[in-house]
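Residue numbers (my numbering): 28 to 410.
Yeah, the Cβ is synthetic: ideal placement off N, Cα and C, and Gly gets one too.
Quick caveat, the model's predicted, so the values are computed rather than measured.
Here's the structure we're looking at; comments come further down.
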């Protein structure tokens, strides 16, 4: 009986192999992919392996930015003004004296509109006399500076080209810790490259890079020259603008920071519309509550900030705030620390009136404060 079963199995296997051979020779397109290709070549489900679709979508919108600045001019020596000397050298002497040194730098940028708007870091184009943009297709063109926002380290450029590939901003709050991300730019000036990593953290602040910080932290390599480039998701949507790394050597150590898309979009819209960025302001110097201060003021919690100074005739002064007040809530939102409070106030429009809850000498109070316009960085404030 066993011998008969084995014979039947062998005959069936022989027939199947014969059918496969005939089909492969005469109709190879009938053979399923998993039979035609080795296992490592079988197409994987979308998103499991390979990000070339995201790269193909995003890379054409990532540009190289070359800047130069004239930093000095060779002074003319009085000796060369002597008419007798000039007889012998003439125009050659003038040409030799007109030479000047130039400092150049490299960075990256992202095209965000088909008519040539580009977002990059402010430090990439800071104090540049000339800005040139190199596109993915090999074209180069001059760029004009539309505006900058030093407090977020963002700048907007414009090039006079149309029908350009551009990146779309990812929807707000779509990025999560652990998501795979791609960093694109021009590291070390070697040309456009892509690195991959994950989102390590969100809402990073207290980094000490910008005034307003809400960084996406990633371990995708962001090296010198990547600044201003794109951080994209696996669908090729713009999550943020690469801006800085934590490093002791100048190379990537697996901690990079990107300015998130909502911040970039807000700054871009304001610069294009108004030429500058306007933020809310109340005119106080604030200090975080430490454990020692909480004990000294007999506070039940460590949240909130202490008013350490007030700008004369500023919104806080007019509202009646005093040095020593402990600010607990603004617009019914709990104040956790100085950075959170600064970001919250900056998001308000000047002229809005907000309730601010505080403790003064241990007693709760609520005042109404009218949001003012934040002065530009470096502006003199009379205290």
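- Between residue 245 and residue 155, the gap from beta carbon to beta carbon reaches 8 Å or more.
- Residue 166 carries a coil assignment under DSSP once its states are collapsed to helix, strand and coil.
- The stretch 332 to 344 and the stretch 191 to 206 do not touch, with fewer than 3 CB-CB distances between them shorter than 8 Å.
- Nearest neighbour of residue 296 by Cα position, chosen from 281, 184, 359 and 34, turns out to be 184.
- Here residue 166 is exposed: its Cβ has fewer than 16 other Cβ atoms, across all protein chains shown, within 10 Å.
- With a contact defined as Cβ atoms closer than 8 Å, residue 268 and residue 146 qualify at about 6 Å.
- Fully contained in the stretch 212 to 281 are the following beta strand (DSSP E) runs of length 3 or more, in chain order: 220 to 231, 242 to 245, 257 to 259 and 265 to 272.
- In this structure, residue 362 places its C-beta atom within 8 Å of the C-beta atom of residue 355.
- A straight line joining the alpha-carbon of residue 393 with that of residue 199 spans about 33 Å.
- For secondary structure counted as the beta strand (DSSP E) over 3 or more consecutive residues, the stretch 333 to 400 holds these complete runs in sequence order: 353 to 357, 380 to 387 and 390 to 397.
- Cβ-Cβ distances below 7 Å link residue 401 to 306, 307, 308 and 373 in the same chain, with the five nearest sequence neighbours on each side left out; the list follows chain order.
- Residue burial is scored here from C-beta neighbours: residue 391 has fewer than 16 other C-beta atoms within 10 angstroms and is therefore classed as exposed.
- Residues of the same chain with a CB within less than 6 Å of the CB of residue 162, apart from the 5 flanking positions on each side, are 90 in chain order.
- Going by C-alpha positions, residue 302 is about 16 Å away from residue 170.
- As a beta-bridge residue in DSSP terms, residue 171 pairs with 185.
- Between the alpha carbons of residue 135 and residue 367 lies a gap of roughly 30 Å.
- Here residue 291 is near residue 181, since their CB atoms are less than 8 Å apart.
- According to the DSSP secondary-structure assignment, residue 133 is paired through a beta bridge with 93.
- Under the 10 Å beta carbon count, residue 38 is surrounded by fewer than 16 other beta carbons and is classified as exposed.
- In terms of Cα proximity to residue 174, the closest of 219, 144, 197 and 286 is 144.
- Shown here, residue 298 sits in a helix according to DSSP, grouped into three states.
- Distance from the CA of residue 40 to the CA of residue 80, rounded to the nearest whole angstrom, comes to 41 Å.
- Counting along the chain, no beta strand (DSSP E) covers residue 191, and no H or E run does either.
- Counted as a single uninterrupted DSSP element, the stretch harbouring residue 326 is not any alpha helix (DSSP H), since DSSP gives it neither H nor E.
- With contacts defined as CB atoms closer than 8 Å, residue 377 and residue 398 qualify as a contacting pair.
- For the set 311, 211, 332 and 323, the Cα lying nearest the Cα of residue 285 is the one of 211.
- Under the criterion of beta carbons closer than 8 Å, residue 333 and residue 283 do not qualify as touching, at roughly 34 Å.
- Cβ-Cβ separation between residue 343 and residue 310: approximately 5 Å, consistent with a contact (criterion under 8 Å).
- Note on geometry: alpha-carbon atoms of residue 193 and residue 357 lie some 38 Å from one another.
- Following the DSSP letters along the chain, one finds residue 152 inside the alpha helix (DSSP H) bounded by residues 149 to 152.
- Under a 10 Å Cβ-count criterion, residue 329 is classified as exposed, with fewer than 16 other Cβ atoms of the shown protein chains found around its own Cβ.
- Inter-residue distance for residue 137 and residue 253 is about 11 Å (C-alpha atoms, whole angstroms).
- Taking C-beta separations shorter than 6 Å and ignoring five residues to either side along the sequence, the partners of residue 312 in its chain run 335 and 336, following chain order.
- Nearest neighbour of residue 188 by Cα position, chosen from 226, 351, 232 and 139, turns out to be 139.
- Note: residue 176 is bridge-paired with 181 in the DSSP secondary-structure output.
- Rounded to the nearest whole angstrom, the CA to CA distance from residue 288 to residue 320 is 37 Å.
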